[in-house]
Each structure stands twice: as C-alpha cells, then as structure tokens.
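Enquirer: Letter 31 of the sequence shown, counting from 1, is numbered 35 in the working numbering, and no numbers are missing.
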Amino acid sequence: MKRESLLNPGSTIGIIGGGQLGRMLAMAARQMDYRTIVLDPDPRCPAGQVADGQIVDAYASRSASRDLARAVDVVTYEFENVDADSVSAAAELKPVYPSTSVLRTTQHRLHEKNALLKAGVPVTPFRPVKSLKDLRDAATDFGYPMVLKTATMGYDGKGQFIITRDEDVEKSYDLLSRRDVELIVEQFVAFTMEISAICARTAEGQTATFPPSENIHRDHILDISIVPARISDDVALSARLLATDIAEHLNVVGLIAVEMFVTKENELLVNELAPRPHNSGHYTMDGCDTSQFEQLVRVLAGMPIAEPRLHSPTVMVNLLGEIWEDTGGDPDWERALEMPGVSLHLYGKAEPRVGRKMGHINVVADTVGDALYIATEARNRAWRRSPDL
Ligand code: AMP
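#1: State the start and end residues of the unbroken alpha helix (DSSP H) segment that holds Val301.
#2: What does a CB cutoff of less than 7 Å around Trp387 pick up in its chain, not counting 5 residues either side in sequence?
#3: Excluding the 5 residues preceding and the 5 following Ser242 in the sequence, name in chain order all residues of the same chain whose CB lies nearer than 7 Å to its CB.
#4: From the DSSP secondary-structure annotation, give me the bridge partner or partners of Ile220.
#5: Determine, using beta carbons only, whether Ile250 and Leu120 come nearer to each other than 8 Å.
#6: Report all residues from its chain with a CB closer than 8 Å to the CB of Arg385; omit the five preceding and five following residues, and keep chain order.
#7: How far does the beta strand (DSSP E) with Arg140 in it reach, from first residue to last?
#8: Looking only at its chain, what residues have a beta carbon closer than 6 Å to the beta carbon of Glu190, apart from the 5 residues adjacent to it on each side?
#9: Could you give the DSSP three-state label for Asn384: helix, strand or coil?
#10: In chain order, what residues of the same chain lie with their CB nearer than 7 Å to the CB of Met307, ignoring the 5 residues before and after it?
#11: For Leu393 and Leu376, what's the separation of their Cα atoms in angstroms?
#12: Between Ala32 and the rest of its own chain, which residues show a CB-CB distance below 8 Å, the 5 nearest in sequence each way excluded?
#13: I'd like the list of long-range same chain contacts for Arg313, defined as Cβ closer than 7 Å, with 5 residues on each side in sequence excluded.
#14: Could you tell me which of Ile378, Ile41, Ala64 and Val368 sits nearest to Arg74, measuring between CA atoms?
#15: Determine the burial state of Thr196: buried for a count of at least 16 other Cβ atoms within 10 Å of its Cβ, exposed for fewer.
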C-alpha cells in the first residue's frame, strides 16, 4: 500500500522486531514526537522498553503483523530475517518501507547477488551450490580459500565456513546442507579493508548517504567502526555512489546499508546488503548532525531527509556480553566515562551472553587516532582490563 500523504508528528510507526535497532529507532521517533508500536515475542525486548506499545507475538504471525498494521500509520522492520509473508500481510493494510520485494531480495544471498549483478554492481565472485559437485567445481575455478554460506538466515558469520583445502570440501558441504537451505559459495576476497555506506532514499527518490565507515570485525562480529574510514577521497566517493546506485536500482524507500570489501587495487566489491539501520551506522548518533535512526524516521514519515555531515572523527566500539561475563555483571562504567568524548549506549538486555550485542560506545574526538585510542581504552576500562595499546 502507498502512503497518501506525509505523516505529521503524533503519527505512529510500527516496528517489526524489538532489538536494539528498533529501540534506537523508537528513541529517534520519540524526539520528533512520533509514536511507535513494536512487534516482538519477548515482553522485555530492548525496543519494547521505550516504545509506546508492544504486540507480544511471533514475527511470523500474520495475524499479529496485521494487528500491528491496523494500529499504526506506517510499518518498518529492524532485521531482515523476519518472515516476508507476514510482512506482506501488513503491507496489504498499511505502507511498509522498505518494500517486501526489497526484503525478499536482501534476505536471500543469491537473489541479492543476482540483483546487484543486474544493476552492474561489482560483487564477490560466487556460485549457487546445489550439490557436492557444484562445490568441487567451484574449488577448481576459485581455488582456496573459499567461503561456503547458507543463502538465508545467516548473520554475524553464522551459517558459514571458510574452506581452505580439498579435505574440508565434503565436511563443510555435509554440515551446511543438513540445514536444508540453499547454499552459496564465494571466492575468498583478500581485502585490505571492510567498509560500509548507508544510503537513505525517500518515496520521491531523494537520496542521501552517510560517510562510509571502516569496519573491523572480530569473530565475524563487528567490533570497531572508524569514521572517516582511512581510505582515499576517491574510494570514499565511489562507496557513496555505489550505495546510492543500489538504493535506486532496488527502489529502496528507507535505509540500505551496503557492506563492501576494498581490494588491494582499491576496487570495491559488495559483500552484503541490509535494508535497515546498521551496526556500522551507530557512529552517526554522535558523529553526524543527523543519525541513521532520525533519517529513517524522516523517510517513514515522508519528511525531507537531511544531507548528513560528519562533524568530527568518530569511533564506535561494540560492547558484547563477554564484558559482563568477565566482570561478574559489573562493568566499570565510571572509569569508562572519565574518558573525554565518550557516549555510552546500552540496549537494556537482561541476559548478557558471549557474542551478544549489549551496547556500544561512541567517541568523538579531534582526530581519528585520538577517537580510536579513547574508544578502545574506554572499553578496556569498562571491561576492567589493562590497556591494549
Ligand atoms: P557476512 O555474513 O557475509 O557479512 O560475512 C561476515 C564476515 O565474514 C565479513 O564481514 C568478512 O569479514 C568475512 N567474509 C565473508 N565473506 C567473505 C569473502 N567472500 N571473502 C573474505 N571474507 C569474507
């Protein structure tokens, strides 16, 4: 369903998914006096704690997503592993942004890569894997290492294996094909850096892209984002243009986060898309004059979007559950917050688990080097660890 007119403050945004992205979206909405209602099965979910209301039910429940649609003016989702059919059910009643077709494309790695190829966007060389023979053939063509991934439901490195030798081919295939989902194999890219760019696009086709962030992963989970990324102006511009191109080709209304590899030759290869706010865009909350969450609220409401500017170098470090585990549930926030330029963002999750995203710290400083030093030091202090620099 298309939106008839712009939504003024006081209107209600429905959010499918109640994690930290939904929470920060609800907080940005609140700033402009938009209301939010969240659909999530956990009554204590991070977004439900700050939203105006919550429907406590499964994401896959079509009746719940219809109830949500009836109660709100516009619907969005905060992660892409939601059930596309239940999102479609909401779309029969109220506008859903980004559209269900964007959701279906981005929740399937093969559909996503094919859509990108069609748009002329360079992607990591890949093959669908329907049999062990397909995987063996890929090894002959790509060589090692290569990365076998499930085409759906994968995130933060879950559902993927790096294959480095002949002996691992069959084992990896057996392990992943057991899950009864389609598989894809990619050539391993010896990248020099991972970056991402987030583009916002309105229903009228206005676009604006946030400055690309340099992303450092640990155990496949984003660990640190550094902005400005330490790349040339040319590469940064190419990344922004690629993200804008992708938003236009996929007809995204909302946000699209584009994760890319920078190769030795300074070429960009797109690895993955996410049609929602992204962990690598959390820096925008303190580093830019408009955050990714405010930008999405503006798109959903049909308001003009901002041309976001980075006002200072900013570094984001994720706070994972191990910090709570290692400190007996008592991180030292006092010492962390003694550091200059530190902003603490916590997601209200009751149970810390290893690898679980519990919060993040943003540090704004005069130089990237200072921001990086202070951010890692602040996290070490919270972790009650000695400095690692
Ligand atoms: P993904 O789930 O596709 O975002 O992958 C998670 C992380 O694994 C990426 O951020 C990369 O660090 C690494 N990775 C995934 N695919 C490849 C690849 N084809 N080549 C090299 N590294 C990869």
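We put the beta carbon where it would ideally sit given N, CA and C, even for glycine.
All values derive from a computational prediction rather than experimental measurement.
Expert: By the coordinates alone:
#1: Sequence index remark: in the sequence shown, residue 301 carries index 297 (1-based). Per DSSP, Val301 belongs to the alpha helix (DSSP H) from Gln296 to Ala305.
#2: Here residue 387 corresponds to residue number 383 of the sequence shown, with the count starting at 1. Only Ile327, Asp330, Thr331 and Pro335 meet the Cβ criterion.
#3: Numbered from 1 along the sequence shown, position 238 holds the residue referred to as residue 242. Excluding positions up to five away in sequence, the list reads Leu272.
#4: Residue mapping note: residue 220 aligns to position 216 of the sequence shown, counting from 1. The partner list for Ile220 (beta bridge, DSSP) reads Ile228.
#5: Taking the sequence shown and counting its residues from 1, the one referred to as residue 250 is at position 246. Taking the sequence shown and counting its residues from 1, the one referred to as residue 120 is at position 116. The answer is yes: Cβ separation under 8 Å.
#6: Here residue 385 refers to the residue found at position 381 when the sequence shown is read from its first residue. Excluding residues within five positions, the ones whose Cβ falls inside 8 Å are Asp336, Arg339, Ala340, Glu342 and Met343.
#7: As a working mapping, residue 140 is identified with position 136 in the sequence shown. Counting along the chain, Arg140 falls outside any beta strand (DSSP E), though it belongs to the alpha helix (DSSP H) covering Leu136 to Phe146.
#8: Translated into the one-based positions of the sequence shown, residue 190 becomes position 186. Taken in chain order, the residues that qualify are Thr128, Phe130 and Val151.
#9: Here residue 384 is taken as the residue at index 380 of the sequence shown, counted from 1. Asn384: helix per DSSP, three-state reduction.
#10: Here residue 307 is taken as the residue at index 303 of the sequence shown, counted from 1. These residues qualify, in order along the chain: Leu10.
#11: Start at 1 with the first residue of the sequence shown, and residue 393 comes out as number 389. Start at 1 with the first residue of the sequence shown, and residue 376 comes out as number 372. Low confidence applies to Leu393: its pLDDT is 47, below 50, so where it sits in the model is not reliable, and the reading given next is rough at best. In a straight line, the C-alpha of Leu393 is about 10 Å away from that of Leu376.
#12: Numbered from 1 along the sequence shown, position 28 holds the residue referred to as residue 32. Closer than 8 Å at the Cβ level, and outside the excluded window around Ala32, lie Ser295, Phe297, Glu298, Leu300 and Val301.
#13: Looking up residue 313 in the sequence shown gives position 309. Excluding sequence neighbours, Arg313 sits near Cys292 and Asp293.
#14: Against the sequence shown, residue 74 aligns to sequence position 70. Looking at the Cα atoms, Ile41 is the closest of the given residues.
#15: Walking along the sequence shown from the start, residue 196 turns up at place 192. Counting Cβ neighbours within 10 Å, Thr196 comes out exposed, since fewer than 16 surround it.
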